[in-house]
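One structure is given here, and the rest of the page talks about it.
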Amino acid sequence: MNVPVLNMKGVEVGSMAIDAEKLGGGVNAALIKQAYVRYHANRRVGTSKTLNRHNVEGSTRKIYKQKGTGNARHGDRKVPQFRGGSHAHHKQREHEDYRLDMPKKMRRKANLNALLSKLVDNEVRVIDSISMSAPKTKDFVEFLSAIKAPRSALIAVNAENQNVRKSGRNVEKVTLTNPSQLNCFDMLNHRYLVITKADLEAYLAGPSSQTGKDAKTNPLGRKPKEAA
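Right, here's the structure in full:
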């Protein structure tokens, strides 16, 4: 498929050919959903917690004598049946309680397939180059309006491009990410994906594109071993 390449003013200046077969050929909704659920679950920090009777602050004094009052026997006021007391079956979860796993090849296929779904829906804006002379939010908003991506947008821009990052970090419903870290969760959480032609080509030719046996036998991006 051919994707138009725009400049920062929204004018088409070329096109980019993308092989849909490398992105999965067709949209695999089940695979994308599995990866999306995994990314979402792994973002949970697992800090939900309630107090048991040993964690509740307060006196441990026995509230009244054991016998002779006609009331039920009680110790302190930290037990669950008293107001301000503890929880009988207190909740204490950790990050690992929610964590899901998925093979690397499947994750990469899901990310590429999510990119294909955005391309099919014409929700990818490929730009020849993104640069700004100085950080200015107003210019960044005008740029998004010019390329017709005014609503929620995922901007893939390198960390070295500080002027663009500083211009877009305060814009509502805009998320900045590194081009090498594109994933289906971020892409599907935003209406548009904005990326430069060079970064998209690098992503499609880099380690994220390895979904076969070569991902294990000859992985891209591996640091060369130092000579002994």
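When the letters of the sequence shown are read in order and numbered with the working numbering, they come out as residues 4 to 231.
Even for Gly, the Cβ is constructed at its ideal location relative to N, Cα and C.
#1: Measuring CB atoms only, is the region 185-199 touching the region 38-45, in the sense that at least three cross pairs come out at less than 8 Å?
#2: Is the CB-CB distance between N116 and L34 below 8 Å?
#3: What is the DSSP secondary structure of R128, counted as helix, strand or coil?
#4: Candidates P7, R225, K216: which alpha carbon is nearest K112's?
#5: I need the DSSP call for G171, collapsed to helix, strand or coil.
#6: Cβ of A137 within 7 Å of any heavy atom in the ligand FMN?
#7: Buried or exposed: which applies to Y67, given that a residue is buried once 16 or more other Cβ atoms fall within 10 Å of its Cβ?
#8: Got a sec, what are the start and stop residues for the beta strand (DSSP E) A159 sits in?
#9: Alpha helix (DSSP H) containing E60: first to last residue?
#10: Using the Cα positions of H98 and D104, report the straight-line distance between them to the nearest angstrom.
#11: Only counting the same chain, and skipping five residues up and downstream in sequence, which positions put a Cβ closer than 8 Å to that of L9?
#12: Where N161 and A208 are concerned, what is the direct C-alpha to C-alpha distance, given to the nearest angstrom?
#13: T199 lies in the beta strand (DSSP E); which residues open and close that run?
#14: Could you tell me which of A38, T72, D142 sits nearest to K108, measuring between CA atoms?
#15: Which word fits N221, buried or exposed, when buried means at least 16 other C-beta atoms lie within 10 angstroms of its C-beta?
#16: For L115, report the span of its beta strand (DSSP E) as first-last.
#17: For the beta strand (DSSP E) containing T178, name the first residue and the last one.
According to the data block:
#1: yes
#2: The answer is yes: Cβ separation under 8 Å.
#3: strand
#4: Here the closest residue by C-alpha is K216.
#5: If DSSP states are grouped into helix, strand and coil, G171 belongs with the helices.
#6: In terms of ligand content, the structure shown is empty, and the ligand FMN therefore cannot be addressed.
#7: exposed
#8: Here the beta strand (DSSP E) through A159 covers 156-159.
#9: First-last for E60: undefined, no H or E at that position.
#10: It is roughly 13 Å from the alpha-carbon of H98 to the alpha-carbon of D104.
#11: E15, V16, R128, V129, I130, D131, I150
#12: 17 Å
#13: 195-199
#14: A38
#15: Exposed, by the Cβ-count rule.
#16: Per DSSP, L115 belongs to no beta strand (DSSP E); it is in the alpha helix (DSSP H), 107-123.
#17: 177-180
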